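Worksheet: one structure, shown below.
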Ligand SMILES: *Cc1c(COP(=O)(O)O)cnc(C)c1O
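Numbering (the working numbering), first residue to last: 49 to 380.
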């Protein structure tokens with residue numbers, strides 16, 4: 049395995065803390081629960097995209113880009129972290145955001161991440177739900193090139209094999225940290241959306257021959273497509289990192305917790321966000337970690353994660369999203 053040969057810009061506060069969740073462990077009456085605080089990567093509110101951006105922007109700067117274009121939903125945490133990184137690196141930033149989530153109140157387009165995108169100086173392009181993000185970004189890139197600019201284009205979630213190297217690095221960091229603490233963990237629970245986080249972790253843990261099972265919680269209501277995306281990206285990431293192949297049997301995507309779809313609240317999500325807040329002072333988010341925590345609670349309840357297990361929950365950030373979902377928490 050070799051990460052050092054890849055161009056990288058340092059943006060994240062690393063290592064992120066690895067902390068026990070003692071009260072939640074007691075409340076759920078089973079496995080020992082720890083949390084890896086990738087909500088604390090430090091850049092403009094933090095989150096999992098910062099690790100990916102270190103490698104994506106390392107490559108873009110090596111290729112002499114002067115602008116970054118990326119995409120996502122209106123409340124994309126990836127878009128916000130990209131806007132912040134671009135500001136730090138003196139790059140222009142354009143964000144192609146689609147109105148992917150139906151039925152949200154007006155606050156959804158005025159607060160949370162999209163408010164911060166504007167604050168961070170990005171140019172925001174809002175499009176209807178059915179907009180083809182890749183095509184819209186290609187159009188913007190072409191228009192900028194005609195003006196003599198040099199855009200780099202990152203797909204949804206920054207989930208390329210290069211971006212996922214950030215989570216190969218996170219796997220190494222986690223295993224070293226756990227060893228220092230004398231902690232033996234056998235499950236990692238992570239929300240899975242554009243697949244880069246899950247794929248990078250798997251490639252890293254596989255390269256270390258670490259036996260932990262990575263459970264990716266589907267938040268898209270498309271677990272089969274998610275599984276295929278993780279398998280494909282894990283293979284590409286392992287190749288990029290000169291690491292061993294990830295066996296297809298190692299890819300686990302858990303269905304049943306996404307509700308009606310991406311960004312659509314569920315009762316279990318609201319309950320899980322409240323429980324984590326009140327037991328641990330931990331702020332999850334409504335789109336990713338709230339559903340992943342609901343899944344963790346469900347998997348403990350059903351015995352799929354047994355009481356003798358030790359679980360690391362990867363907190364991937366997303367706090368600004370809470371403010372775009374005030375309506376879901378109005379009944380306090
Ligand atoms: C993007 C994101 C995820 C999902 O990570 P992927 O690499 O896209 O699967 C999870 N949590 C938060 C807060 C995110 O912003």
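The beta carbon of each residue, even a glycine, is placed where N, CA and C say it ideally should be.
Treat the numbers as computed from the prediction; the structure is a model and nothing was measured.
Can you tell me whether residue 239 is helix, strand or coil according to DSSP?
Residue state, collapsed to three classes: strand.
For residue 214, I'd like the list of residues in its chain whose CB is within less than 7 Å of its CB, leaving aside the five on either flank, ordered along the chain.
Correct list, in chain order: 99, 100, 102, 103, 248.
Taking 7 Å as the line, does the beta carbon of residue 239 fall inside it for any heavy atom of ligand 1?
Answer for residue 239: yes, Cβ within range of ligand 1.
What are the boundary residues of the alpha helix (DSSP H) that residue 188 is part of?
DSSP places residue 188 inside the alpha helix (DSSP H), whose first and last residues are 181 to 194.
How many Å lie between residue 143 and residue 329 at the Cα?
Distance between the alpha carbons of residue 143 and residue 329 is about 32 Å.
Whether residue 264 touches residue 300 by CB criterion (8 Å):
At a Cβ-Cβ threshold of 8 Å, residue 264 and residue 300 count as neighbours.
Measuring straight from C-alpha to C-alpha, what distance separates residue 116 and residue 139?
For the pair residue 116 and residue 139, the Cα-to-Cα distance works out to about 7 Å.
Could you check if residue 167 is buried or exposed, using at least 16 other CB atoms within 10 Å of its CB as the buried criterion?
With fewer than 16 other Cβ atoms within 10 Å, it is exposed.
Classify residue 195 as buried or exposed, calling it buried when 16 or more other Cβ atoms lie within 10 Å of its own Cβ.
With fewer than 16 Cβ atoms within 10 Å of its Cβ, residue 195 is classed as exposed.
Pick out the complete alpha helix (DSSP H) segments inside the segment 254 to 331, 4 residues or longer, and give them in chain order.
271 to 288, 315 to 328, all fully within the segment 254 to 331.
Near residue 229, what residues of its chain come up, given a Cβ to Cβ distance below 8 Å and the 5 sequence neighbours on each side ignored?
66.
List the residues that DSSP assigns as beta-bridge partners of residue 85.
In the DSSP assignment, residue 85 forms a beta bridge with 363.
At which residue ranges does the segment 68 to 128 contain complete beta strand (DSSP E) runs of 3 or more residues, listed in the order of the chain?
Secondary structure remark: continuous beta strand (DSSP E) runs of at least 3 residues inside the segment 68 to 128, in chain order: 80 to 85, 115 to 121.
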